[in-house]
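Peer 1:
In this note's numbering, the protein residues as written are 236 to 422.
Written as structure tokens, this is what we have:
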């Protein structure tokens with residue numbers, strides 16, 4: 236672990252951190268919760284990947300956050316909910332894939348979001364609720380982005396013009412889909 240968790244398993248990153256380095260906490264089994272400073276801009280590749288006991292990663296205060304990179308939170312089996320702040324532009328490939336306890340994803344404030352990478356939330360089998368931004372810069376949903384989740388409803392922002400292949404593959408509970416008015420291509 237980049238920073239040793241306290242007795243309760245918590246780490247609070249201070250304002251000297253503008254990024255979480257690649258592999259910084261990868262596989263850190265002692266980590267239960269992580270707090271980010273408002274100065275945080277980037278969560279590096281695999282920064283928290285495999286933190287099997289991570290339950291809370293509060294991104295809401297990270298008002299400078301631009302990017303959650305490839306596999307940043309992949310295989311965080313106990314992570315239950317994720318809030319994407321308005322400053323985020325990119326969610327990398329497999330950013331939150333296989334977070335088996337993830338139930339809720341709130342992107343309602345993510346008005347700067349431009350891309351959701353391939354397999355970003357793939358295999359989050361308990362993910363039921365996704366709050367989409369009503370106004371967004373999001374143009375495309377990458378392949379398998381929400382595959383094998385428990386999503387019931389999808390309301391895409393009007394900015395989305397393209398859905399890549401298998402975007403919602405294996406979403407057995409998906410019953411209500413509202414496509415973007417700007418959608419021109421579905422692979």
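Where a beta carbon is used, it is the ideal one built from N, C-alpha and C, also for glycine.
1. Any idea which residues DSSP pairs residue 399 with across the strands?
2. DSSP state of residue 277, grouped into three classes?
3. Hey, quick one: how far does the beta strand (DSSP E) through residue 340 stretch, first residue to last?
4. Would you say residue 382 and residue 401 are within 8 Å of each other, going by their C-beta atoms?
5. Just how far apart, CA to CA, sit residue 331 and residue 357?
6. According to the neighbour-count rule (16 or more other Cβ atoms, all chains shown, within 10 Å of its Cβ), is residue 253 buried or exposed?
7. Helix or strand or just coil, what does DSSP make of residue 327?
8. Once the 5 residues before and after residue 280 are set aside, which same chain residues still bring their CB inside 8 Å of it?
9. Just verifying my parser: in three-state terms, what is the DSSP assignment at residue 270?
10. Smallest Cα separation from residue 340: which of 353, 366 and 354?
11. Mark residue 310 as exposed unless 16 or more other C-beta atoms lie within 10 angstroms of its C-beta, in which case mark it buried.
12. Determine the extent of the beta strand (DSSP E) in which residue 293 is found, giving its start and end residues.
13. With DSSP as the reference, label residue 303 as helix, strand or coil.
14. Rank 391, 416 and 347 by C-alpha distance to the C-alpha of residue 323 and give the top, closest one.
15. Using only alpha-carbon positions, find the residue among 394, 393 and 388 that is nearest to residue 403.
16. Ordered along the chain, which non-local residues of its own chain (more than five positions away) have a Cβ less than 8 Å from that of residue 264?
17. Where do the N-terminal and C-terminal ends of the beta strand (DSSP E) with residue 389 fall, by residue?
18. Output needed for residue 319: all residues of its chain with C-beta closer than 6 Å, excluding positions within five of it in sequence on either side, in chain order.
19. Leaving out five residues on either side along the sequence, give the residues of the same chain with a beta carbon under 8 Å from the beta carbon of residue 392.
20. Using a Cβ-Cβ cutoff of less than 8 Å, which residues in the same chain neighbour residue 329 once the five nearest sequence positions on both sides are dropped?
Peer 2: Quick look at the numbers:
1. Taking the first residue of the chain shown as position 1, residue 399 is located at position 164. Beta-bridge pairing links residue 399 to no other residue.
2. Residue 277 sits at position 42 when you count from the first residue of the chain shown. Residue 277: strand per DSSP, three-state reduction.
3. As a working mapping, residue 340 is identified with position 105 in the chain shown. Segment 339-341, the beta strand (DSSP E) holding residue 340.
4. One-based indexing of the chain shown puts residue 382 at position 147. One-based indexing of the chain shown puts residue 401 at position 166. Cβ distance < 8 Å, so residue 382 and residue 401 count as in contact.
5. As a first step, residue 331 must be located in the chain shown, where it is residue number 96. As a first step, residue 357 must be located in the chain shown, where it is residue number 122. Answer to the nearest angstrom: the Cα atoms are 8 Å apart.
6. For the purposes of this step, residue 253 is identified with residue 18 of the chain shown, where counting begins at 1. So residue 253 counts as exposed.
7. Numbered from 1 along the chain shown, position 92 holds the residue referred to as residue 327. Residue state, collapsed to three classes: coil.
8. As a position in the chain shown, residue 280 is number 45, starting the count at 1. Once the five neighbours on either side are set aside, the close Cβ partners of residue 280 are 257, 258, 304, 305, 306, 307 and 327.
9. As a position in the chain shown, residue 270 is number 35, starting the count at 1. Correct three-state label for residue 270: strand.
10. On the chain shown, residue 340 is found 105 positions in, with the first residue counted as 1. If we check each option's Cα against that of residue 340, 366 comes out closest.
11. Residue 310 sits at position 75 when you count from the first residue of the chain shown. That one is buried.
12. Translated into positions along the chain shown, residue 293 becomes position 58. Unbroken beta strand (DSSP E) run through residue 293: 291-293.
13. Counting from 1 along the chain shown, the entry for residue 303 is found at position 68. Correct three-state label for residue 303: strand.
14. Position 88 of the chain shown holds residue 323. Residue 347 is the option with its Cα nearest to residue 323.
15. On the chain shown, position 168 is the one that residue 403 refers to. Selected option, being the one with the closest Cα: 388.
16. By 1-based counting over the chain shown, the position of residue 264 is 29. Here the set comprises 286, 287 and 288.
17. Position 154 of the chain shown, counting from 1, holds the residue named residue 389. From DSSP, the beta strand (DSSP E) with residue 389 extends over 388-390.
18. Reading the chain shown from its first residue, position 84 is the one you call residue 319. These residues qualify, in order along the chain: 342 and 345.
19. Counting from one through the chain shown, the residue named residue 392 turns up at place 157. Within the same chain, residue 392 has close Cβ partners 367, 368, 369, 370, 371, 373 and 415.
20. Indexing the chain shown from 1 puts residue 329 at position 94. These residues qualify, in order along the chain: 305, 306, 309, 352, 353, 354, 355 and 357.
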